[in-house]
Structure formats: C-alpha cells, structure tokens
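Down below is the structure, laid out as structure tokens.
Numbering (the working numbering), first residue to last: 2 to 751.
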C-alpha cells in the first residue's frame, strides 16, 4: 500500500512534464523525406500533414516551389487551400486546367498532385501552414526535393508492335515473351507481370517483383507450385512465360505489364511508372473424345457370358495414353459416385483382377469386357468411362479429356420353371369348432434343376360383403431357406398348436386349423414361389404362382330384420309438424344391441298409388352422420335415434308439397365374433300416406283483418279530408259595415 502512495505523485509529475513538453514542441509540419525521384510525364503526389496545432480542426496549406534555394532562388507560389489567388503567374494556367491540384485527405492532411510532371518541375517544394496557434511554437513549414528523370523504360512484345494468335490443342505447351529494359539515371528496379483476360478484367498469372520474388496470381497458385506455369528471366532483358499444359480455361488475351520502382530515402519502395504491351491471343481447342459401347442393347440368358466392347474416338494425335473403367448401376440416371466399379485398365494397361470378370485390350481404342456366369442380379445398366492422358515436360502425366458412354441396358433372362398350383380342402368344416385342412400342391412341373427350390405363402381374405376394402392377410410364408415366418393373424394360434403349417412332400404344403371358429370363415389361397441359386450361393426369387381361392363357409342361422313406419297423426294442416317413426323388429336369434348398427334412409313418393319416382329426403348412417336432400320450400326436416331400434323423422312447417307416401329403408350391420362389421340385406318398410290440409279460418283470417284495417284507414282519411276542406278551402270572407262610435247625448241636452 505504501508503494502505491509513493508512485501516485510520480505519475502526476510525469503527466505534467509530458504536457509541458507537448506545449513546448508545438506545431509539426511533415512532408516525405527526399529526394523524391519521379519520371517525366507521370503523375506525382507529394503529401503534407500537420499535427499538434491549436485552433480549428481543419487546417489550410500553401505550396511553394524553388529551383535551388541554396543559390538564393526565391520560392514562388504554386497553390493554396484557402486563397484562390495565391498562385504565381507562371502556375495560373496549370492550376486552372487541373494539371496541378490539391487533394485534401483529412482536416490536417493534403496532397499536391502534379498530373504531368516536367523537367522544369525539378526542385524544392515547401509546404506551409498558416498559424492558428495561440503561442508560436514548432515548425510551420517543411521542404522536400523532387528529382525528375527522363523516361527510360522500354517494353515490347514477342511480335513487336502487333499481337498474334496461337491455335493450340488442349494439353499442348506454349511460351510467350516480352522484352523490358530501362536506362534510367537513377538506380531503379523493374516489376514484370504476365496477365490474362478472358472477359472484362485482367487477372495476374505470375510476376517477378522489383524485389526479385516470384508471385503467382490467386487462380494460378497451384499450377505454379506444380511447375505448370513458370516465368524465366533470360538474356537480352527477355521475360518468358511458359505453360506446359494448356487448358480450355487458358484461352484468351495475354499481356506483359512492367512497372519501374525506386527506393526513397526512408527505405520504402515507390512505383514511379508503369507500361504494358499486348503480347498474344491463345485459342485452345478442347480434345474431342467420344465413348460408346457395342452392342447397345443386350439380352443374356442366365449363366451365359456377357460380351461388351468400349470404343472411343479422339482427334488428338501424338503421344497419349487411355484409361478405361467399367461401371454398373441399377438405374440409368443414378449419380456417378453410386455406381459400382467392375474393372479398370490404367494408362499403363494394368488391369485390376477379378475371377468372373476380365478386360482385354483389343487395339488402341477398343477394350473388351467379359462377365462369366451371368445371374439375375447382374441385370442393369453398364457404361464405360474413358480418359486421355498426355505427358508433361517434367515427366508427369496430365488428363486432357474424360468422357462417359451412354448406359447400355443388359437384361438377364431367367429360365423360369413352368408349373401350376392347385389348392383343395381335404377337410371342410360343417360346424364351428370342426377342423379345416388345406393342401397346396405343385402340378405339371417340369424337371427342376438342382439350383431351383419352391416355397409357399398362405393368405386369408375377408368375406366380400365386408364394409372395408378387401385385403389379403398373410398367415405364414417361407423364405428361400424354408424357414417359416408366421403372420400376426395366426402367430399366437400357431404357437398354441391351433394352426399347423407342414410340408408333407416335396410338391405339397399343408395348412390345418384344429378348431375352426367364426373368425376363420372366408377365402384362403396359397402362392408357390420358385427360387434360383446365385453365384454367391444366395437365392433370388424368380417366379410366383398363385392358386385359386377356396371358401371356408358353413350354414348358419342369422337374424331376420323387419321395418315399419308409424305416425300418431299422418294428416296435418299447413305449417304443422309431421312426426314419423321407423321401428325395426328382429326375428330369430337374439342379438346384443352393441353388436347391431343401422343405416336408415327416408324416401317419399308424391302420388297416391306409389306410381311415381321415389324422392330421397334424408338419411342417418350407423355412425350418426345425417345427410339431407336440398329442399325448395320453407319446411325443414330433422332426424334422431330415440331408441336402439327406433328412428324418428320430422317435417317442420309442412307445406303442400310435403304430402305423399313416406317410407324408410334400413341396412343392418352386425359385428361378428372376430370384431368385424358385416353388412346385411336392406329392409324396406311399407309406406304411410301424409296428407297436408289447408285451415280455412286461418286462410281467411289475415285477408279479413287486412280488409277491415284498410276500410278503417280509408274512412279516417275521408273524414280528415272533409275537415280540412271545410276549414280552409271553402271559407268565405264577410265584410261588415263599419259603425261609428259616438257618445250618446244626455236627455237634458236634447
């Protein structure tokens, strides 16, 4: 803690000393360290900045010039940032036409720009900043010497003043040359760059910098490392660009760009001028390569051999080597990386080994493929891929072209065994719990080869009257190794020994149900599959033959359904309610209400004798979904199930068009012991006639009230008109004689 207390005053003193030193130093004006060597006719920029000043943040600058101040040569005014009339007479024209300008880079920095420097511009340039400080401290100007040397840089192409065109084939090598030299009086270095353009912008290929380093462009870095692109500095100031392997992307224009650099007094390199020359235009013809397979469509019998030939054509001459690879794919449009490689021959004619596949080199452009002992799994698409390689200068090889043929379909035809399948019921149940036995036999089979075997699959099909789409349920199936796989329907019963699958003979398969239940009623069929043994000892299915179905049914008593329509009052007046009941009765076996369901539909015949077409009114299916026909009148209908066997139909606000014979149609649904809903025959009730009468009193009630109301309104209106007429229209004005009013005289005076 004590150490910190002692250091605090020291820091304060140090800060005070630094602040005092800064105030003592004052303003600092800086220009580059000279001399600055520049080339006649080029643009020259001389920067100047000021720091540690007081006053406004934006500072002004004055530039002056002197040919030799040591010999008492006066400074003349060149240009100023704040005084437009600052320049001397000899600089007015150059400033006015923009040859000499000032470019402000920031509030405290500017550049003096001389667009076309002349030998007379060689001398001393002074940058001065007018004082804005409260105290005069520091330097307010700085000078720099500029040397102007003659243009001694010469750049020429390989064809002097005009360019040529090179027509090359892909993979050929080419070389481009340019000459660059300088006779500058100063010690300068050259920076030589080769550039390429195949569009709007030039891109750098390879450069030899002014520091003697090779610098490849971003797109050519890998080719430079591999030695494909080189730049050689030769005698007589020749700079040669060498490309050992021309690519289609190398087609375009080439130029040589040379810049001249000088090291300033501060050790930094400055580019003092730059020139370029168009050298050549290169046209690269891609190597033409065509690849095709013969024959183009092949069918091969199983266990025979497949012969295919890969042919290629090319326009390339000279030394090249071919590489051929055969591929196999199950699809003609599959990606290349998913295709299986069968065999290949590299450019040294080294062929990969295979027992059943061989590749032979017939001639320079043909390669035979031989596959022995073809099998079903060899069916698919075959194609070959060819590539051409050419030697490079360093002894390596470069791929100049690669093409893939159109896939050729190959079909392997299997010698399918010819056989039929017969299914019969050796034991048919007469009652529930009786056994059922089915035999599936192979008939009319030709002599089977040792590499063919047969398996069976057993299927069950629901009765066709089921509400759902008929589906085939797998009971059991055998794989190629005769292993039995039991389906979900029969798995538990097979484990309990209630269902037995067996193979009593080579050509016979048997299904036995020990105790046949109601859920087993339906159709059964079998499918015999033939399998062929492949080269790798695996089995592949080649044919399926299905038997005709056999129905397992026995006579049973089912219930009988009846339907009738009732109404307490089938005769109603208009706008009243009609209530109809469809009552279902059952004869025979008693059923659980939960195992019954009904679709009820209502119809009407608009005639007395039932001779008209029926009109659908509404329906209520067994799932409770109601459907109504579109009605033209104002009446409406409603449906309801009021009891397990009673269904209600109502017509609200009856109209004349609601008359007629009404009846219901019932479709019963029963649920079996297996939980499957089955549809029974539909039942139709006898019709009941609905009469709609008109109520006379109600019919004339509203017209009578309307008449009385209108009469009363007309009478009141007549009285009102008479009163108004007598009051205003028929009144006469009666003029009375004006009488004078005089006082009576007294009798005494008379």
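Every residue gets a Cβ at the ideal spot worked out from N, C-alpha and C, and that includes glycine.
This one's a predicted model, so the numbers in the text were calculated from it and none came from an experiment.
CA-to-CA distance, residue j to residue i, given in whole angstroms
i, j, result
"residue 269", "residue 281", "35 Å"
"residue 524", "residue 656", "53 Å"
"residue 571", "residue 430", "52 Å"
"residue 191", "residue 265", "15 Å"
"residue 567", "residue 606", "17 Å"
"residue 202", "residue 254", "11 Å"
"residue 30", "residue 145", "12 Å"
"residue 439", "residue 485", "17 Å"
"residue 208", "residue 178", "13 Å"
"residue 341", "residue 335", "11 Å"
"residue 487", "residue 410", "38 Å"
"residue 455", "residue 446", "11 Å"
"residue 296", "residue 372", "15 Å"
"residue 161", "residue 181", "Since pLDDT at residue 161 reaches only 46, below the 50 mark, its modelled position is unreliable, and the value read off the structure follows with that caveat. Distance between the alpha carbons of residue 161 and residue 181: 12 Å."
"residue 741", "residue 720", "With a pLDDT of only 45 at residue 741, under the threshold of 50, the placement of this residue in the model should not be trusted, and no figure is reported."
"residue 543", "residue 426", "28 Å"
"residue 597", "residue 624", "12 Å"
"residue 324", "residue 380", "25 Å"
"residue 88", "residue 261", "32 Å"
"residue 627", "residue 641", "9 Å"
"residue 230", "residue 398", "15 Å"
"residue 497", "residue 517", "14 Å"
"residue 467", "residue 679", "Because the pLDDT of residue 467 is 44, which lies under 50, any placement of that residue in the model is unreliable, and the number read from its coordinates should be weighed accordingly. Taking the straight line joining both Cα atoms gives about 5 Å."
"residue 502", "residue 510", "8 Å"
"residue 76", "residue 127", "8 Å"
"residue 433", "residue 519", "7 Å"
"residue 521", "residue 378", "40 Å"
"residue 615", "residue 684", "16 Å"
Distance between beta carbons of residue j and residue i, contact taken as under 8 Å
i, j, result
"residue 755", "residue 256", "Any answer about residue 755 is impossible in this case: the structure gives the chain only from 2 up to 751."
"residue 138", "residue 258", "Actually they do not touch by this definition, with Cβ atoms about 49 Å apart."
"residue 108", "residue 60", "7 Å"
"residue 604", "residue 618", "6 Å"
"residue 548", "residue 453", "Not really, about 19 Å apart at Cβ, beyond 8 Å."
"residue 122", "residue 96", "Going by Cβ atoms, the distance from residue 122 to residue 96 rounds to 13 Å, so no, they are not a contact pair."
"residue 835", "residue 407", "There is no way to answer for residue 835, as the model of the chain reaches only from 2 to 751."
"residue 38", "residue 320", "With a Cβ gap of about 53 Å, residue 38 and residue 320 do not count as contacting."
"residue 437", "residue 528", "About 19 Å; that fails the 8 Å criterion."
"residue 149", "residue 41", "5 Å"
Counterpart residues of residue i in DSSP-defined beta bridges
i, result
"residue 484", "Its beta-bridge partners do not exist; DSSP assigns none."
"residue 389", "323 and 402"
"residue 365", "Answer by DSSP bridge pairing: none, since residue 365 is not bridged."
"residue 128", "64 and 143"
"residue 520", "DSSP, once it has assigned bridges, lists no residue as partnering residue 520."
"residue 663", "605 and 689"
"residue 76", "Residue 76 pairs with nothing; no bridge assigned."
"residue 553", "523"
"residue 472", "The partner list for residue 472 (beta bridge, DSSP) is empty, contrary to what the question assumes."
"residue 40", "150"
"residue 629", "619"
"residue 540", "534"
"residue 107", "110"
"residue 647", "584 and 644"
"residue 48", "112"
"residue 624", "Beta-bridge pairing links residue 624 to no other residue."
"residue 381", "411"
"residue 479", "485"
Quick check: the segment 388-402 against the segment 244-256, are at least 3 beta-carbon pairs closer than 8 Å?
yes
Could you pull out every unbroken alpha helix (DSSP H) segment of at least 4 residues lying fully inside the segment 168-240, listed in chain order?
222-226
Touching by the beta-carbon criterion (3+ pairs, under 8 Å), the segment 641-652 and the segment 576-589:
yes
Can we say the segment 609-619 touches the segment 588-597, given the rule of at least three CB pairs closer than 8 Å?
no
Okay, do the segment 667-678 and the segment 700-719 touch, 3+ Cβ pairs below 8 Å being the bar?
no
Contact between the segment 359-372 and the segment 307-321: three or more CB pairs below 8 Å?
yes
Do the segment 285-294 and the segment 41-57 meet, that is, are 3 or more Cβ pairs less than 8 Å apart?
no
Tell me, please, whether the segment 683-693 touches the segment 653-668 by the rule of three or more beta-carbon pairs shorter than 8 Å.
yes
As an exercise, report each continuous beta strand (DSSP E) stretch of at least 3 residues that is fully enclosed by the segment 566-620, in chain order.
572-574, 579-588 and 597-606
Which ranges would you report for the beta strand (DSSP E) in the segment 405-464 if only whole runs of at least 3 residues count?
409-414, 421-428, 437-444 and 453-462
Beta strand (DSSP E) runs wholly inside the segment 250-332, at least 3 long, in chain order
253-264, 270-286, 290-295, 299-302, 307-315 and 322-330
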